[in-house]
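Colleague:
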Amino acid sequence: MPRFKIIIQYDGTNYCGWQSQNNGIAVQQVLENIIGEFNNGNHIKLTGAGRTDSGVHALGQTAHFNLNTHLDTCTLLKAINAKCPIDISVIKCDAVSSDFHARFSAVRRIYKYQCYFGTNPLFRNQCWFLSEPSLDKLNSLADKITGIGDFLSFSKWGGEKKNTECEIFQSVWNKVNNMVIFTISANRFLHHMVRYLIGTMIAVEQNKYSEDDFIQLLNLPQKNVALHKAPAQGLILEKVIYE
4 MPRFKIIIQY DGTNYCGWQS QNNGIAVQQV LENIIGEFNN GNHIKLTGAG
54 RTDSGVHALG QTAHFNLNTH LDTCTLLKAI NAKCPIDISV IKCDAVSSDF
104 HARFSAVRRI YKYQCYFGTN PLFRNQCWFL SEPSLDKLNS LADKITGIGD
154 FLSFSKWGGE KKNTECEIFQ SVWNKVNNMV IFTISANRFL HHMVRYLIGT
204 MIAVEQNKYS EDDFIQLLNL PQKNVALHKA PAQGLILEKV IYE
């Protein structure tokens with residue numbers, strides 16, 4: 004059966020996350036219902052590259068699905084978007100080989116996080132509102148994250164055995180007008196890992212958490228650590244990269 008790859012942008016404010024759940028409407032669920040209309044109303048399984056949490060946004064979520072259709076990719080793209088709500092948009096649709104997998108074929112994922120220290124309330128659903136932090140201090144902490152490491156300390160631990168090692172390719176803060184924006188890219192991320200890292204860096208910068216304790220959690224991973232977690236609305240899945 005033909006396989007398609009789509010790239011999706013969404014405002015996650017009104018969704019319980021990417022993955023379909025029983026406690027709310029998920030982006031995955033909305034798109035599966037739409038694409039199912041082109042499959043005679045039969046269910047279509049949509050597999051995403053990243054399972055973004057409730058309130059988290061995406062500029063470049065990638066997903067794949069199988070569908071028998073006479074529509075070419077351009078027409079299919081337009082047909083899907085014609086049925087999407089205003090806060091979801093599919094920006095690209097490609098036919099791919101049957102062995103392509105949106106999650107397991109990915110080699111790098113890029114997230115950014117926006118912290119805002121201005122007064123414009125229009126940013127309330129896309130940023131964490133803070134006092135202006137020290138960019139130098141945040142980058143001194145971000146430098147310690149890069150490389151291959153065990154990020155067990157910065158993950159939501161569910162009790163199951165799992166691999167908690169990740170390779171961080173980029174970890175940097177930049178100032179843009181009244182925002183400081185954190186960009187992080189890695190081969191993979193653990194559940195809530197980015198938000199725990201950001202929340203803890205901000206806590207250290209605000210003298211609410213010890214820098215030595217932050218470094219110890221990186222060097223001596225442990226589960227069930229009480230950490231600061233950044234709010235969801237500032238996080239954006241920017242891009243997923245494939246070979």
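Numbering (the working numbering), first residue to last: 4 to 246. Even for Gly, the Cβ is constructed at its ideal location relative to N, Cα and C.
So, with DSSP's three-state summary, where would you put Gln32?
Modeller: Numbered from its first residue, the sequence shown carries residue 32 at position 29. Helix.
Colleague: Are Ile171 and Gly202 touching if we call contact CB-CB under 8 Å?
Modeller: As a position in the sequence shown, residue 171 is number 168, starting the count at 1. As a position in the sequence shown, residue 202 is number 199, starting the count at 1. No, they are not a contact pair.
Colleague: Which runs of the beta strand (DSSP E), 3 residues or longer, sit entirely within the segment 75-137?
Modeller: The qualifying runs are 91-99 and 109-119.
Colleague: For the beta strand (DSSP E) holding Phe153, just list the boundary residues, first then last.
Modeller: The residue labelled residue 153 in the question sits at position 150 within the sequence shown. Note that residue 153 is Asp in the sequence shown here, rather than Phe. Start and end: Gly150 to Asp153.
Colleague: Classify Asp56: buried if its beta carbon has 16 or more other beta carbons within 10 angstroms, exposed otherwise.
Modeller: Residue 56 sits at position 53 when you count from the first residue of the sequence shown. Answer is buried; the Cβ neighbour count reaches 16.
Colleague: Excluding five sequence neighbours on each side, which residues of the same chain lie with their C-beta closer than 8 Å to the C-beta of Tyr13?
Modeller: Indexing the sequence shown from 1 puts residue 13 at position 10. Correct list, in chain order: Val30, His60, Ala61, Gln64, Asp90, Ile91 and Ser92.
Colleague: Using only CA atoms, which one of Asn26, Ile11 and Gly58 lies nearest to Asn84?
Modeller: Against the sequence shown, residue 84 aligns to sequence position 81. Ranking Asn26, Ile11 and Gly58 by Cα distance to Asn84 puts Ile11 first.
Colleague: Would DSSP call Phe192 helix, strand or coil?
Modeller: By 1-based counting over the sequence shown, the position of residue 192 is 189. Three-state result, Phe192: coil.
Colleague: Spatial neighbours of Ile205 within its chain, please: C-beta separation below 6 Å, excluding the five flanking residues on both sides.
Modeller: As a first step, residue 205 is located in the sequence shown; it is residue number 202 there, counting from the start. Same-chain partners within the cutoff: there are none.
Colleague: Taking the continuous beta strand (DSSP E) assigned at Ile11, which residues delimit it?
Modeller: Taking the first residue of the sequence shown as position 1, residue 11 is located at position 8. Element bounds for Ile11: Arg6 to Tyr13.
Colleague: Hey, is the segment 41-53 in contact with the segment 97-109, meaning 3+ C-beta pairs nearer than 8 Å?
Modeller: Contact holds: three or more Cβ-Cβ distances are below 8 Å.
Colleague: What are the boundary residues of the alpha helix (DSSP H) that Leu220 is part of?
Modeller: As a working mapping, residue 220 is identified with position 217 in the sequence shown. Per DSSP, Leu220 belongs to the alpha helix (DSSP H) from Glu214 to Asn222.
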